[in-house]
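Just so we're on the same page, this note's numbering is the position in the sequence shown counted from 1, plus 1.
Glycine residues also receive a C-beta, built at the ideal position from the N, C-alpha and C atoms.
Okay, structure first, notes after.
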Amino acid sequence: MEMAVLPDHERKALGRRWLLGIVSLFLATLAAFAVLCLHYPELLTTPELRAVYPMGLVRAVIAGGIVLAAGVGALAVVLARGRRLGALGLALALAAQLGGGAWVEVETPVARSQHFGLDWLALDLLLLVVVFVPLERAFARLPEQPVFRRGWRTDLAYFFVSHLLVQLVTLATVAPAALLLRWAAWPALQGAVAALPFALQLGFAVLAADLASYAAHRAFHAVPWLWRFHAIHHSSEALDWLAGSRLHLVDVVVTRAIAFVPLFVLGFDEAVLAAYVVWVATQATWIHANLGTRTGWLDHVLVTPRFHHWHHAADAAARDKNFAVHFPWLDRLFGTHHLPGAAWPARYGVLADAPPDRFAAQLVWPFSRRSV
Ligand SMILES: [Zn+2]
Ligand SMILES: [Zn+2]
């Protein structure tokens, strides 16, 4: 039963055999999260998302999810395609239904308060699984790599924590830039930037953020005590859409806060900042994905999976290379570019003084004394 010790091909075979059970448990978990969100919207949902939910559609999707999870779960039990997982999915779907299902009344207006982003977690997970799991199967760079590859639980824990703590992380990310803005404001420049067309502003915003995050990223590699935090991100031995989530909270907050400074100081339009956040989240997921599609000239214009996979390479020649997250030519400019021919790295991960495998151990590891 313990998947952690199984080789890739056996994990893949097991995943295929348990498919119905896995699908049922996945859908039932999301449905249960959704029902919890309906019961405790103040505590578990994000005000910015709440404002735009088409509730009729949301409730219909939740109801459909419960029915589907229960049906697929029953099928898994009958056909023995992940019997235990299917039984669990069926039970969870029934619990979600008994707990009020899709028609739990929500008293509006819901007051703004401290909250966890459980709705954001469920939505983003559903969206990414639906988009990237089939894409990675169709265009895999490593076709033998299973969905449930080594370390997936650790990365999923990062995904959960960073989404649940979205309010705290956003606050910690934006606060330093906002404070700085109080005395670094340059109204003439900000006025000129805000007057530019949207697309041009967005291009400049991505460039400004990439320059700042290039500097932060390079510092995280060069300064030994900072590297302890960033080594966590590099400890993934298998890359896919979920692997990019593996970032120590200190790494996330510091890097993003630094990337936000030029965005605030230059005074970009709020719609541009929102578009930038969507861009960076999408590109970050894509560049870690297990996608081997030939990207050709694009490798030299935009950071692509192959470019960022080289950043994660265990090869000595690729160490401390490819720091950019948006524009690879920044690395050319600063002499840290590494993209040999059409090749891909042979291996990923950290070879010397590697962090532990589990989430909780990784959280405290950078604070512990160096082992060497
Ligand atoms: Zn790095
Ligand atoms: Zn990465």
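Taking the Cβ atoms as the reference, L89 lies roughly 17 Å from L37, outside the contact range of under 8 Å. Counting C-beta pairs with one atom in each stretch, the segment 145 to 154 and the segment 235 to 252 have three or more that are closer than 8 Å, which means they touch. Taking L44 as the centre and dropping the five residues before and after it, the same chain places the C-beta of H116 closer than 6 Å to its C-beta, in chain order.
Between P329 and H301 the beta-carbon gap is near 6 Å, inside 8 Å, which marks them as a contact. Rounded to the nearest angstrom, the Cβ distance from A325 to V304 is 6 Å, consistent with a contact under 8 Å. Residue I259 holds the alpha-carbon nearest to the alpha-carbon of L180 among F133, I259 and Y54. Straight across, the Cα-Cα distance linking P8 with E145 is about 10 Å. For the alpha helix (DSSP H) assignment, the uninterrupted runs of no fewer than 4 residues enclosed by the segment 39 to 123 are, from N- to C-terminal side, 42 to 45, 48 to 51, 56 to 80 and 84 to 99.
Burial check for T283: the Cβ neighbour count within 10 Å stays below 16, so the residue is exposed.
Look at the beta carbons and you see the segment 211 to 231 not touching the segment 132 to 143: under three pairs across the two are nearer than 8 Å. A residue is called buried when at least 16 other Cβ atoms come within 10 angstroms of its Cβ; H10 does not meet this threshold and is exposed. Distance check between A14 and each of G74, F149, D332 and A355 places F149 closest, using alpha-carbon atoms only.
Pairing L122 with L165 gives a Cβ-Cβ distance under 8 Å. About 4 Å separates the Cβ atoms of G74 and G87, confirming a contact at the 8 Å cut-off.
For the pair G16 and F360, the Cα-to-Cα distance works out to about 23 Å.
Contact annotation: L21 and G83 have beta-carbon atoms nearer than 8 Å.
Each residue's CA atom was taken as its position, placing L128 and A103 some 19 Å apart.
Three or more beta-carbon pairs drawn from the segment 208 to 218 and the segment 259 to 276 are found closer than 8 Å, and the two stretches are therefore classed as touching. Judged by DSSP in its simplified three-state form, A290 adopts coil rather than helix or strand. Per the C-alpha coordinates, the member of V24, A52 and E106 positioned closest to H40 is E106.
Of the candidates T337, A362 and S369, A362 places its Cα closest to the Cα of A158. The alpha carbon of A347 has as its nearest neighbour, out of A318, L91, L364 and G336, the alpha carbon of A318. Closest in C-alpha terms to P135, from the list N291, G72 and F335, comes N291.
Just so you know, the alpha carbons of V279 and S163 end up roughly 16 Å apart. Within a 10 Å sphere around the beta-carbon of E137 sit 16 or more other beta-carbons, which makes this residue buried. Secondary-structure assignment with DSSP links A141 through a beta bridge to L292. Across the structure, S237 and V281 are spaced so that their CA atoms are roughly 20 Å apart.
The beta carbon of G245 sits closer than 7 Å to at least one heavy atom of ligand 2. The nearest non-hydrogen atom of ligand 2 is less than 7 Å from the C-beta of H313. Between ligand 2 and H234, a heavy atom-to-CB distance of less than 7 Å is present. An exposed status is given to L80, since fewer than 16 other beta-carbon atoms sit within 10 Å of its beta-carbon.
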